[in-house]
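What follows is one structure encoded as structure tokens, with my remarks underneath.
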Amino acid sequence: MVFHLDKCIGCHTCSIACKNTWTDRKGAEYMWWNNVETKPGTGYPTKWEDQDIYGGGWEKTKKNPKLKSAGKKKGLGNIFFNPKLPAMDDYYEPWRYRYQDLFDAPEGDDQPTAMPVSDITGEVMTPKSGPNWDDDFSGSPDYARKDVNFKNISKEEQEAMFMLERMTFFYLPRICNHCLNPACVAACPSGAMYKRGEDGIVLINQKKCRGWRFCVSACPYKKSYYNWKTGKSEKCILCYPRLETDQAPACMHSCVGRIRYLGVMLYDADKIKDAANTEEKELVKEQMDIYLDPFDEEVIEQAKKAGIADSTIEAAQKSPVWKFVKEWGLALPLHPEFRTIPNLFYVPPLLPTMASTANNIYESTSDSLWDSIENSRLPMEYLASLFSAGDKEIIKQVLKKMMAVRIHRRNKTVGDMPADESLKALKDTGLTEEIADAIFRLTSIPLYDERFVIPPAHREEAIEMLQDTQEYKGETGLGFTEKPKRGL
Amino acid sequence: MINTLLFIVLPYVAIVLLILGSVYRYKYSGFKVSSLSSQFLEGKNLFYGSVPFHWGLVFLFFGHLIAFLFPRAVILWNGMPVRLFILELSALAFAFLTLSGLLMLLIRRVSTPRLWFITNKMDLIVYLLLLVQIISGIWIAIAFRWGSNWFASVLSPFLKSIFFFNPDIAAVSALPLMIKVHIVSAFVMVGMIPFTRFMHFLVLPLAYIWRKYQVVIWNKKVKSISES
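See the structure below:
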């Protein structure tokens, strides 16, 4: 998966598509399997990135990565009380409005109002926080200034950043990363969580889940949620019923900015353990080395040997994710320092450049080619803290490439820039004109089939191997076989 | 007559209910096999209730189990008064720990409106049973000294006779009322396991200890990869 942050307009259509499809249920009202955050900001749940509070993810040790606050000893030792579990108030108390009051109110001098009532108690309540409560609130003391990513940025620099002339923000849409080294799966005491071999989707078996809630605290992205009504945990299922029928997940399909890309990545599972336990500086590089070139003859041969369908290999070759992540090196994992090896990559946003005011004239042009990147309104440390475990060079490289594509396209379509500057920009970043055009095409005007390359799931063959299909004729295979109702 | 009912019929009914009920609930109602955690709705006071309650209970459970399985060893241990005092005092301490935890849980559930909406009738019965069980236990420990000794000589043989399908209730029938209450409520709890949140006791995730950390399931079963 790739999310192109430069294209995200923060409309929350993805969140609504997901909510209406999967979490519009009792006990799941507060869950946003897909949510969009304003950055800088504290996010959802509040300060989820601060693992000193939530204890999610893995830690480096001598041999194997270790779960930060879960695992066999810590998990079972804390089985009677999960010390790192976020409570409802860390998300928000869900509510709805009593719209019927607008119709039923007796005639009077004042306008009737629709009072908010709690989804839990049914009592009238005053919402103190809610979904996207901090939407667009960059610079505000309650949200942006408490952003965890400012840890390594000096106080003066932070204050300078929140000056009116300099203030900026961008959106960060988040879903489950369907990690290669999922902390939630490893932390689940019941063994209810698993990764599907075929497509890598991480799921929770609702019947095996006993509600110990260690997936919630172990996931550093807080993308596993506890359903307080059914007593089970739930998470993004990457719309697998849609994927299996050749449709993009609801959030991706509905995306207005068309920022989302989905495709196959072949990888070497034997490298996961070491990549998750490497030095912080090496995390991004080591993760990139896990993914295998789908054009490499040997990779294809091994994949076939492992029983991977030809159609899947073909999809891997056409994968937009492969292009963005490996071929072009434009997309980076979110918070690689959590060591879960997330499979969702972000193309970082080209931030607005810093303007200077000389003689009271607002000025943002510059003579130097890369000035706009060196002097962006958010310090490079900030993006580095999000996407490269603190390595500014990696971020700069990506942004320069994106800028070079812009310069090249401007030269080509508008023609008001010196051609040698465009060539120099491409050369500086190691791109060619063909690659720059390809990046432009997949970024700006891709078709549905270019954004989503979904191989056939081959469920028909899989099922034939396990059971007599005649026996299951007429069954949909979807939904609960038992109503999710409690009472015991 | 009443003794036959309480100490022969009830134990067997409880055990049959436990076995059949648990298998049925696990098989046909698998979604409900857990304790409905409320930590998400109230996570501060729960710590002071759940932790002392559960750990206290774990020690008391194993204490009773050891006395039942190895009565001779317990009597031998109690041969020296100092050791007897240590055993009795620590058992009493765990009992009070459990009681304080249970009271905290009860107060928490009553005083937190959010929790009323996920509390059902069976939860109230669970609280009642636990209160009766723990208070009667503490009463016995204080009033009828020394429990660890006479448990080994009176109750272990009785429990053994139940398990060997040759119930002998002569000694039990003569016990004081409070001890009878403790025994009866214990069997009621055993029988209630499949019908209450006690069920989570049967699905302790012990397999986690020897499981590999990562779980990968192939629908196609071509090969299964598990990373540790």
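The listed protein sequences correspond, in order, to chains Y and V.
Just so you know, this note's numbering puts 353 at position 263 of the first sequence, and the rest follows in order with no gaps.
Just so you know, this note's numbering puts 101 at position 94 of the second sequence, and the rest follows in order with no gaps.
Note that beta-carbon positions come from the ideal geometry of N, C-alpha and C, so glycine has one too.
- For the pair Phe103(V) and Leu72(V), the Cα-to-Cα distance works out to about 19 Å.
- Bridge partners of Ile294(Y) according to DSSP: Met283(Y).
- The beta carbon of Tyr144(Y) sits closer than 6 Å to the beta carbons of Lys174 from its chain, once the five residues preceding and following it are set aside; these are given in chain order.
- Take the alpha-carbon of Lys109(Y) and the one of Ala21(V): they are about 45 Å apart.
- Per DSSP, Trp302(Y) has no beta bridge partner at all.
- Only Ser208, Ile210, Thr211, Gly212 and Glu213 from the stretch 197-221 of chain Y bring a Cβ to less than 9 Å from some Cβ of chain V.
- At a beta-carbon threshold of 9 Å, the residues of chain Y lying near Ser41(V) are Ser280, Cys299, Arg300, Gly301, Trp302, Gly321 and Lys322, ordered along the chain.
- Counting only residues of its own chain and dropping the five nearest sequence neighbours on each side, Ile132(V) has a CB closer than 8 Å to the CB of Met199 and Thr203.
- In this structure, the CA atom of Leu135(V) is about 19 Å from the CA atom of Leu53(V).
- Neighbours of Arg121(V) in chain Y, taken as residues at a C-beta separation under 7 Å, are given in chain order as Ile210 and Thr211.
- Distance from the CA of Leu356(Y) to the CA of Glu388(Y), rounded to the nearest whole angstrom, comes to 12 Å.
- Taking each of Glu183(Y), Asn239(Y), Ser478(Y) and Asn124(Y) in turn and checking the Cα distance to Lys375(Y), the smallest one comes out for Ser478(Y).
- Under the 8 Å criterion on CB atoms, Gln221(V) is classed as interfacial with respect to chain Y.
- Setting aside the 5 residues that flank it on each side, Phe75(V) is surrounded in the same chain by Ser163 and Leu166, each with a C-beta closer than 6 Å to its C-beta; the list follows chain order.
- Taking 4 residues as the shortest admissible run, the stretch 82-161 of chain V contains the following complete alpha helix (DSSP H) segments, listed from N- to C-terminal end: 88-118, 120-123, 128-150 and 154-157.
- Taking 7 Å as the upper bound on Cβ-Cβ separation, chain Y lies near residues Arg121, Phe124, Ile125, Asn127 and Met129 of the stretch 121-139 of chain V.
- For the stretch 172-186 of chain Y, residues whose beta-carbon sits nearer than 7 Å to a beta-carbon of chain V comprise Asn172, Leu175, Ala177 and Met178.
- Put simply, the backbone Cα of Leu513(Y) is about 7 Å away from that of His498(Y).
- Pro423(Y) carries a strand assignment under DSSP once its states are collapsed to helix, strand and coil.
- Ala177(Y) and Gly165(Y) have their alpha carbons spaced roughly 18 Å apart.
- By the Cβ criterion, the stretch 243-250 of chain Y is not in contact with the stretch 199-217 of chain Y, since fewer than three pairs of Cβ atoms, one from each stretch, lie closer than 8 Å.
- DSSP places Trp412(Y) within a helical segment (H, G or I) once states are collapsed to three.
- Annotated as distal: Thr430(Y) and Asn222(Y), with beta-carbon spacing of 8 Å or more.
- Shortest Cα-Cα distance from Arg32(V) to any of Ile216(V), Gln221(V) and Met206(V) involves Met206(V).
- Under the Cβ distance rule, Ala150(V) does not count among the residues neighbouring chain Y, no pair being separated by less than 8 Å.
- For a cut-off of 8 Å, the C-beta gap from Ile141(V) to Leu106(V) is around 5 Å, short enough to register as a contact.
- Nearest neighbour of His94(Y) by Cα position, chosen from His548(Y), Ser534(Y), Val543(Y) and Pro545(Y), turns out to be Ser534(Y).
- Taking each of Phe101(V), Lys39(V) and Phe92(V) in turn and checking the Cα distance to Phe69(V), the smallest one comes out for Phe101(V).
- Nearest CB-CB separation between Ile26(V) and chain Y: not below the 8 Å threshold.
- If you draw a 10 Å sphere on the C-beta of Ser401(Y), you find fewer than 16 other C-beta atoms in it, and that means exposed.
- Under the three-state reduction of DSSP output, His102(Y) falls in the coil class, being neither helix nor strand.
- The C-alpha of Ser323(Y) is placed about 8 Å away from the C-alpha of Gln296(Y).
- The C-alpha of Arg186(Y) lies about 48 Å from the C-alpha of Leu382(Y).
- Remark: fewer than three beta-carbon pairs, one from each stretch, lie closer than 8 Å, so the stretch 206-218 of chain Y and the stretch 100-114 of chain Y are not flagged as touching.
- In the structure shown, Ile535(Y) adopts coil according to DSSP, grouped into three states.
- Of the candidates Trp153(V), Val222(V), Leu138(V) and Arg121(V), Arg121(V) places its Cα closest to the Cα of Asp209(Y).
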